[in-house]
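Read top to bottom, the protein sequences are chains A and B.
Anchor point for the first sequence: position 41 equals 41 in the working numbering, and the numbering is continuous, going up by one each time.
Anchor point for the second sequence: position 82 equals 82 in the working numbering, and the numbering is continuous, going up by one each time.
By construction, the Cβ of each residue, glycine as well, lies at the ideal position given by its N, Cα and C atoms.
Take a look at the structure set out below.
There are 2 protein chains.
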Amino acid sequence: MRAYNWSPDGRRLFFITLDSASDERQILIDEKVSEQRGLRRRLGQATASLYLRAPDGKVTLIARRPRSDRSTIASKGDVIWTGEEVQYPVMEVDREGIERRVTMAWSFVEGRARAIASTRDYVYWQMKGPRGGQLASDGLGDTREIVEIGEDGRRHSYGRFPFSIGHGAAFGGLWAPDGNQTVVNIRALDDPRFGIGVIDRRGVRPIWGDGSLTKCDFNPTLAIAACLAEGQTLPPSLVTVDIASGRVRTVASVSPEHDKIAPLQVTPRSWTNRYGHKVTGYVVWPRDYVKGQRYPAIVVNHGNDADQRFALQDNQWEYPVQTLAERGYVVLLINEASSRLNADLRAAEQAWGLQGTTLPPERMRELLWLTGAASFEDAVFELADEGIIDRERVGIAGYSRGSQLVNVAMTQSHVFRAASSGDGGFLEPAMAADMPDYYVAIFAGLPYDPKALPNYLALSPSLRASKACGAILQQIAAPHVASIDFYRALRKAGVPAQISLFPGEGAASDETHVFHIPSNRMAAMEENIAWFDYWLLGKRDRESPFAERYARWDAMAAALPNRCR
Amino acid sequence: MRAYNWSPDGRRLFFITLDSASDERQILIDEKVSEQRGLRRRLGQATASLYLRAPDGKVTLIARRPRSDRSTIASKGDVIWTGEEVQYPVMEVDREGIERRVTMAWSFVEGRARAIASTRDYVYWQMKGPRGGQLASDGLGDTREIVEIGEDGRRHSYGRFPFSIGHGAAFGGLWAPDGNQTVVNIRALDDPRFGIGVIDRRGVRPIWGDGSLTKCDFNPTLAIAACLAEGQTLPPSLVTVDIASGRVRTVASVSPEHDKIAPLQVTPRSWTNRYGHKVTGYVVWPRDYVKGQRYPAIVVNHGNDADQRFALQDNQWEYPVQTLAERGYVVLLINEASSRLNADLRAAEQAWGLQGTTLPPERMRELLWLTGAASFEDAVFELADEGIIDRERVGIAGYSRGSQLVNVAMTQSHVFRAASSGDGGFLEPAMAADMPDYYVAIFAGLPYDPKALPNYLALSPSLRASKACGAILQQIAAPHVASIDFYRALRKAGVPAQISLFPGEGAASDETHVFHIPSNRMAAMEENIAWFDYWLLGKRDRESPFAERYARWDAMAAALPNRCR
Chain A
1 MRAYNWSPDG
11 RRLFFITLDS
21 ASDERQILID
31 EKVSEQRGLR
41 RRLGQATASL
51 YLRAPDGKVT
61 LIARRPRSDR
71 STIASKGDVI
81 WTGEEVQYPV
91 MEVDREGIER
101 RVTMAWSFVE
111 GRARAIASTR
121 DYVYWQMKGP
131 RGGQLASDGL
141 GDTREIVEIG
151 EDGRRHSYGR
161 FPFSIGHGAA
171 FGGLWAPDGN
181 QTVVNIRALD
191 DPRFGIGVID
201 RRGVRPIWGD
211 GSLTKCDFNP
221 TLAIAACLAE
231 GQTLPPSLVT
241 VDIASGRVRT
251 VASVSPEHDK
261 IAPLQVTPRS
271 WTNRYGHKVT
281 GYVVWPRDYV
291 KGQRYPAIVV
301 NHGNDADQRF
311 ALQDNQWEYP
321 VQTLAERGYV
331 VLLINEASSR
341 LNADLRAAEQ
351 AWGLQGTTLP
361 PERMRELLWL
371 TGAASFEDAV
381 FELADEGIID
391 RERVGIAGYS
401 RGSQLVNVAM
411 TQSHVFRAAS
421 SGDGGFLEPA
431 MAADMPDYYV
441 AIFAGLPYDP
451 KALPNYLALS
461 PSLRASKACG
471 AILQQIAAPH
481 VASIDFYRAL
491 RKAGVPAQIS
501 LFPGEGAASD
511 ETHVFHIPSN
521 RMAAMEENIA
531 WFDYWLLGKR
541 DRESPFAERY
551 ARWDAMAAAL
561 PNRCR
Chain B
1 MRAYNWSPDG
11 RRLFFITLDS
21 ASDERQILID
31 EKVSEQRGLR
41 RRLGQATASL
51 YLRAPDGKVT
61 LIARRPRSDR
71 STIASKGDVI
81 WTGEEVQYPV
91 MEVDREGIER
101 RVTMAWSFVE
111 GRARAIASTR
121 DYVYWQMKGP
131 RGGQLASDGL
141 GDTREIVEIG
151 EDGRRHSYGR
161 FPFSIGHGAA
171 FGGLWAPDGN
181 QTVVNIRALD
191 DPRFGIGVID
201 RRGVRPIWGD
211 GSLTKCDFNP
221 TLAIAACLAE
231 GQTLPPSLVT
241 VDIASGRVRT
251 VASVSPEHDK
261 IAPLQVTPRS
271 WTNRYGHKVT
281 GYVVWPRDYV
291 KGQRYPAIVV
301 NHGNDADQRF
311 ALQDNQWEYP
321 VQTLAERGYV
331 VLLINEASSR
341 LNADLRAAEQ
351 AWGLQGTTLP
361 PERMRELLWL
371 TGAASFEDAV
381 FELADEGIID
391 RERVGIAGYS
401 RGSQLVNVAM
411 TQSHVFRAAS
421 SGDGGFLEPA
431 MAADMPDYYV
441 AIFAGLPYDP
451 KALPNYLALS
461 PSLRASKACG
471 AILQQIAAPH
481 VASIDFYRAL
491 RKAGVPAQIS
501 LFPGEGAASD
511 ETHVFHIPSN
521 RMAAMEENIA
531 WFDYWLLGKR
541 DRESPFAERY
551 ARWDAMAAAL
561 PNRCR
């Protein structure tokens, strides 16, 4: 069972199962061979089956989808129920590998599906509004508004609001059976937290709790919701939300153990960087912070995932933010500048996603990576100027998208003395052939094109290893060529570096991008603590499970190139 | 059991077993991660154990070798027996991955091993001469001589001979128990065939049979040998060789079925190419060849393996030379110019093997690849000038080293209208990071080095795809990144191309570089026939198992770029 979704009236059930398909032994040619480039294992052969259970209990197979339909294979069960049909998204991939999101509708009466929308553009999952059209949040920053686009293309604005809608973190959106009210997931833009937006013909009314309201479910009339309430310092608890009054009532703690811990102090904060881009985030303070004393600091980043949720793995991965603060680090959780606030950023993001006109490579570089790295550096400078942190003892960590910014930050300046980069390698030329369109959008060509090569030399971390000085740890879930190239280039340039590969459950599988094996998670966190303690503080802990690494690290520290001393 | 070798007196047995080592689940760091770059599967964990059985039947483990010791893991059991010890080669790999061949000696009396020689240079397996020194064939071409180098470094020449010694195809070398005579494997340079060289204090005496004498074994006194006799048109038969008289006597046919077939006509021939390099080879004639009629032709190449052996897979891989000739092609089996004949070629070969001074990249290109491709082209021109073949219907095939020359030939000129390139990809920039020293030796840098990039653009087949016009089939044993890059580049340039991946025995294994699965061998040969028939002759065979490919090929032929028409 991959995912399921009950109809609002509780009478129908949509569900998806994954089917293992056996790997037939045969000669493969052309595309079937080409698609295996750079893959360590052949792509999973699973297909997905979509079923609908009718009120009479009869189950109908409504579609079988190939593995190329990543949208279905990884579905969370988001569908739209209308009175007559269930609408579900699938992904079609053409021969050039271009993915297209198609919305299908299965008619209960006709017993068949038809495509009702198809777009290559990435769109937030659409929600039906009280006027029968599609709801969306539109516009940039202060001009942001909630709109509903009717089937006739007519646009109705519900007004300007400092939040966005359509995030998956809490729930998609639900439409009341009487059609008069829609509830949607909303996210505040400044101190990013999740709430419930109630939209009816009169307008939009937000409901906020303490911290965020996440993972909400509703009773069929949409009168009452059950959610988790959680925040940076608020362990998750189960709450009910009365939609009419907006009253939030705590039902039970999810983990009473966590409630016993006196929370750390966490302060929302925003910064504006040298490019004029504003970013949000949090300062996580050491428990016994003494004003006037300078602390070592670590920046943790992952896209826009720094928000009011509790110790979110999506955000902090295997960087044990709370433990680091307990050990005396000021931890900065910093988001990237949001493309919801800035037209330039949005244009660059769209160009990268092949949905817009490409910008010149130097501009792509600036808007998609250099400004991110600059945000972190400028936040560090600001807190150093305020006497809070010690500029000489600052580290940086991030995985996935965050690893790109870590690798760029470390090879563009010397602000960070140590880094932990998690399971990333995008921007390395070795990956260009595996996703040529995305690389061409950024670098204006492939790396063996003499006209494009200078753009790679200006950004690809492994080609800039000789600019780096800080110690760089890479923790990876599979032996990615790009991560290995960066490691080798760093070592060749004399930069202290380590690459750690965490094992899968057996010889035939890998750890996942977001680690899921508890022993790996524990080890990765301990390794990060040992790494930062050693390289930022010069501290050794003979009790650390990684104590036997100190000799290696000593040797790298002793051999630091002169340019870095 | 990997390999074994009896002592000449038949009293001792040396043997090697392979041990499977289980793959421990653990976090790997640094070199253990880095070595997995570009590997689809983790390196085999097998270790090898070397044993010696004494005259009393007692078996002693004399060494256990790691998998990095490729020499032992792939041993054919070549050792040297002296009265007191058995000498065996192992390979040591240092942290930089540099391999060093070490000769070990296990003393029967002391019951332990010591290293007696160590060299990074590639040396032919050493044979002990009648004077107690090491035998070798030395010098170039006409100045080639058989020499013995004593332990004191003194050099004794046995004179000049038009053959080389030390090939593994027949046997290594054996030293008579009385020390007065050594028998070695010899290979003639002109019409390359194997024989036995008998060396005593008086000199060297060659023994030749019909075709080649291969896979010889000797009685303990070295008075009689049992060998296979085989040649291009001579199916293997078992023969005895009287060493004193040189008389060769047939004992039995290995495959009486083959003896029933009237052999094709195969003519040894040599050519001198535009660079002045001489190459040897064979013309395999269509069975009913008619003088004055022009025939389509296919060049098959693989290093120096075109010699007097029967349908040798090392040479003709999955190119069914005999069947192609039966179908009306003139097949040319052509060797590369031998570095045993030319000092320039030897210098380039040594530079590539990291054993000599590097030459300028344009010189490396010329001596290691362009001259090879030119040999094939010039041979084609010569036979076309003689009215034998039709210049417009010429194909080329080669695997491994041969695939390099096929890919270079196809992207440097338009002589060949169709090609089949087997399981190769060296020279592609994608492989450079996996063997940087060898690439730097050739290209004077890695591909992202702007100074080196022009050298890649001048030679790497995928970067020259837009110069190609002939149809290129790649048959591969695993989805190599380099082969896939070449395929994609060809298709992008509109060049007709196909890549075919042949499966391993199961999902957890690949086909081997020299195919070993009979169904794959059969299919690959049929595919080559279909490919050449289609692209050279425009012939379709509805009975071919690949007949369903014609539609694809038609589409590619129809879309041939204008520059190729």
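Nearest-angstrom Cβ-Cβ length linking residue i and residue j, presumed shorter than 8 angstroms
{"i": "residue 14 of chain A", "j": "residue 88 of chain A", "result": "7 angstroms"}
{"i": "residue 48 of chain B", "j": "residue 82 of chain B", "result": "Contact doesn't hold; Cβ gap of about 23 angstroms is too wide."}
{"i": "residue 320 of chain A", "j": "residue 174 of chain A", "result": "Incorrect: roughly 36 angstroms between the Cβ atoms, too far for contact."}
{"i": "residue 186 of chain A", "j": "residue 163 of chain A", "result": "4 angstroms"}
{"i": "residue 134 of chain B", "j": "residue 148 of chain B", "result": "7 angstroms"}
Other residues of its chain near residue i: CB distance less than 7 angstroms, five sequence neighbours each side excluded
{"i": "residue 251 of chain A", "result": "238, 239, 240"}
{"i": "residue 107 of chain A", "result": "84, 85"}
{"i": "residue 244 of chain A", "result": "223"}
{"i": "residue 356 of chain B", "result": "347, 350"}
{"i": "residue 62 of chain B", "result": "50, 51, 52, 106, 113"}
{"i": "residue 210 of chain B", "result": "229, 231, 234"}
{"i": "residue 344 of chain B", "result": "367"}
First through last residue of the beta strand (DSSP E) which encompasses residue i
{"i": "residue 475 of chain B", "result": "471 to 476"}
{"i": "residue 333 of chain A", "result": "330 to 334"}
{"i": "residue 358 of chain A", "result": "Note, residue 358 of chain A: premise wrong, no beta strand (DSSP E); not H, not E."}
{"i": "residue 15 of chain A", "result": "13 to 19"}
{"i": "residue 352 of chain A", "result": "Segment 343 to 352 is the alpha helix (DSSP H) holding residue 352 of chain A; no beta strand (DSSP E) there."}
Span separating the alpha-carbon of residue i from that of residue j
{"i": "residue 514 of chain B", "j": "residue 30 of chain A", "result": "21 angstroms"}
{"i": "residue 259 of chain A", "j": "residue 310 of chain A", "result": "12 angstroms"}
{"i": "residue 325 of chain B", "j": "residue 463 of chain B", "result": "34 angstroms"}
{"i": "residue 392 of chain A", "j": "residue 328 of chain A", "result": "15 angstroms"}
{"i": "residue 132 of chain B", "j": "residue 158 of chain B", "result": "14 angstroms"}
{"i": "residue 562 of chain B", "j": "residue 552 of chain A", "result": "59 angstroms"}
{"i": "residue 24 of chain B", "j": "residue 199 of chain A", "result": "57 angstroms"}
{"i": "residue 417 of chain B", "j": "residue 430 of chain A", "result": "32 angstroms"}
{"i": "residue 257 of chain A", "j": "residue 265 of chain A", "result": "18 angstroms"}
{"i": "residue 556 of chain A", "j": "residue 379 of chain A", "result": "29 angstroms"}
{"i": "residue 446 of chain A", "j": "residue 273 of chain B", "result": "37 angstroms"}
{"i": "residue 337 of chain A", "j": "residue 151 of chain A", "result": "33 angstroms"}
{"i": "residue 525 of chain A", "j": "residue 533 of chain A", "result": "12 angstroms"}
{"i": "residue 371 of chain B", "j": "residue 459 of chain B", "result": "13 angstroms"}
{"i": "residue 402 of chain A", "j": "residue 368 of chain A", "result": "12 angstroms"}
{"i": "residue 564 of chain A", "j": "residue 483 of chain B", "result": "41 angstroms"}
Residue i, enclosing alpha helix (DSSP H) - first and last residue
{"i": "residue 375 of chain B", "result": "371 to 385"}
{"i": "residue 520 of chain B", "result": "518 to 532"}
{"i": "residue 411 of chain B", "result": "401 to 412"}
{"i": "residue 553 of chain B", "result": "550 to 558"}
{"i": "residue 7 of chain A", "result": "That residue, residue 7 of chain A, is in no alpha helix (DSSP H); it is neither H nor E in DSSP."}
Same chain, Cβ closer than 6 angstroms to residue i, neighbours up to 5 away in sequence not counted
{"i": "residue 479 of chain B", "result": "501"}
{"i": "residue 473 of chain B", "result": "420, 498, 531"}
{"i": "residue 226 of chain A", "result": "217, 240"}
Spatial neighbours of residue i in its chain, beta-carbon cut-off 8 angstroms, leaving aside the 5 residues before and after
{"i": "residue 315 of chain B", "result": "300, 302, 305, 306, 307, 309, 333"}
{"i": "residue 583 of chain A", "result": "The requested residue 583 of chain A is not part of the displayed model; chain A covers only 1 to 565."}
{"i": "residue 116 of chain B", "result": "87, 103, 104, 105"}
### Message
Ignoring anything shorter than 4 residues, give me the alpha helix (DSSP H) runs that lie fully in the segment 66 to 151 of chain B, in order along the chain.
### Response
As far as the segment 66 to 151 of chain B is concerned, its whole alpha helix (DSSP H) runs of at least 4 residues are 70 to 73.
### Query
In chain order, which alpha helix (DSSP H) runs of at least 4 residues are fully inside the segment 434 to 466 of chain B?
You should have 436 to 443, 453 to 459.
### Task
Please list the segments of the beta strand (DSSP E) lying wholly inside the segment 283 to 330 of chain A, counting only runs of 3 or more residues, in order along the chain.
Here the runs fully enclosed are 295 to 301.
### Message
Going residue by residue through the segment 201 to 285 of chain A, where are the continuous beta strand (DSSP E) segments of at least 3 residues, counting only ones entirely within it?
### Response
Counting only runs of 3 or more, we get 203 to 207, 212 to 218, 224 to 231, 234 to 242, 247 to 253, 266 to 272, 278 to 284.
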